[in-house]
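**Q**
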Amino acid sequence: MGRLVHTGVFEISTSSHTDFVNVTPLVRNFVERSGVREGLCVVYVPHTTAAVFINEGADPDVVRDIAYKLNTLVEWDDPNYRHMEGNSAAHIKSALMGNSRVIPIAGGKLLLGTWEAIFFAEFDGPRRRKLIVTLIGE
Ligand code: ZN
3 MGRLVHTGVF EISTSSHTDF VNVTPLVRNF VERSGVREGL CVVYVPHTTA AVFINEGADP
63 DVVRDIAYKL NTLVEWDDPN YRHMEGNSAA HIKSALMGNS RVIPIAGGKL LLGTWEAIFF
123 AEFDGPRRRK LIVTLIGE
């Protein structure tokens, strides 16, 4: 079998100002339908006030605590912010968390750890956003 590249663009809707959406089922389904058996899955967020990260999906309090602490560390109002749009805190959290993750694929499956899940992170919602998933493999 030759090299395969698949790109999917998915719409993610958030429902609050800071919101984390577990996108693992969506990404897993895309991988399993692609025919890619061995390779890499790149999950990318093309927005400057959103992010994507991998962490525990089993206990929802883990991502709740991540959101709580990020919002404590990066306060929304700071008189030293200069960005005119007024959402510097969302840009900072996006920069801290990062806009992509890479997950290995083997045997046609994502090699996520048992407790791991992929989260789309919104820091200036609620909004409709795009999530791009690119698979490279064979
Ligand atoms: Zn802005």
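Quick note: the sequence shown uses this note's numbering, first residue 3, plus one each step.
Idealized CB from N, CA, C, for every residue including glycine.
For G139, count the other beta carbons within 10 Å of its own beta carbon; 16 or more makes it buried, fewer makes it exposed. Which is it?
**A** The residue is buried, with at least 16 neighbouring Cβ atoms inside 10 Å.
**Q** I believe F12 touches V135 by the beta-carbon criterion, under 8 Å. Please report the beta-carbon distance rounded to the nearest angstrom.
**A** Their Cβ separation, rounded to whole angstroms, is 7 Å, which keeps F12 and V135 in contact under 8 Å.
**Q** As a quick exercise: from G109, G37, N89, pick the residue whose alpha carbon is nearest that of A52.
**A** Minimum Cα distance to A52 is reached at N89.
**Q** Fully enclosed by the segment 14-78, which alpha helix (DSSP H) runs are 4 residues long or longer?
**A** Correct list: 26-36, 62-75.
**Q** Less than 8 Å separating the beta-carbons of L133 and V38?
**A** Against a cut-off of 8 Å, the Cβ pair of V38 and L133 comes out as no contact.
**Q** Under the rule that 16 or more other beta-carbon atoms within 10 Å means buried, what is G41, buried or exposed?
**A** Label assigned to G41: buried.
**Q** Examine the Cβ distances between the segment 81-97 and the segment 58-65 and report whether three or more of them are shorter than 8 Å.
**A** These segments do not touch.
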